[in-house]
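Residue numbers for the sequence shown follow this note's numbering, beginning at 40 and rising by one. Beta carbons: idealized from backbone N, C-alpha and C, even for Gly. Treat the numbers as computed from the prediction; the structure is a model and nothing was measured. Quick notes on the structure that follows.
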Amino acid sequence: MRNKYPGRCYRCGRLVKTGEGHFERIAGEGWRVQHADCAIKYRGTDVGLTATNTKNEQKIKKEPLSAATDKGLK
Ligand SMILES: [Zn+2]
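Here it is as structure tokens:
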């Protein structure tokens, strides 16, 4: 279906104006949009999908500060 609202293309990262792309419903994530051109260009590939997955997996690990401080002082 054509997108009724503008959004960011998950394939190339650029703006998709209303009616210039397709939107898809993703379980657990909501909606995503891609250009009509990108849908054809990247059909059958995981371009954009991989980037999204990587971003979601990036989590900052916090080291316990107390352990490092104790070492430095003693
Ligand atoms: Zn695009």
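Please tell me whether residue i and residue j are closer than 8 Å, where the distance is taken between their beta carbons.
{"i": "Arg47", "j": "Val72", "result": "yes"}
{"i": "Gly58", "j": "Asn42", "result": "yes"}
Using DSSP with H/G/I as helix, E/B as strand and the rest coil, what is residue i?
{"i": "Cys48", "result": "strand"}
{"i": "Asn92", "result": "Annotation note: pLDDT 47 at Asn92 (below 50); position unreliable, coordinate value reported separately. Helix, per DSSP."}
{"i": "Arg53", "result": "coil"}
Using only alpha-carbon positions, find the residue among the options that is nearest to residue i.
{"i": "Met40", "options": "Tyr49, Ala78 and Cys51", "result": "Ala78"}
{"i": "Pro45", "options": "Gly83, His74 and Thr84", "result": "His74"}
Drop a sphere of 10 angstroms on the beta-carbon of residue i, count the other beta-carbons inside from all chains shown, and report buried for 16 or more, exposed for fewer.
{"i": "Arg64", "result": "exposed"}
{"i": "Arg50", "result": "buried"}
{"i": "Gly60", "result": "buried"}
So within the stretch 58-90, which uninterrupted alpha helix (DSSP H) runs reach at least 4 residues, ignoring any that extend past its ends? 75-80
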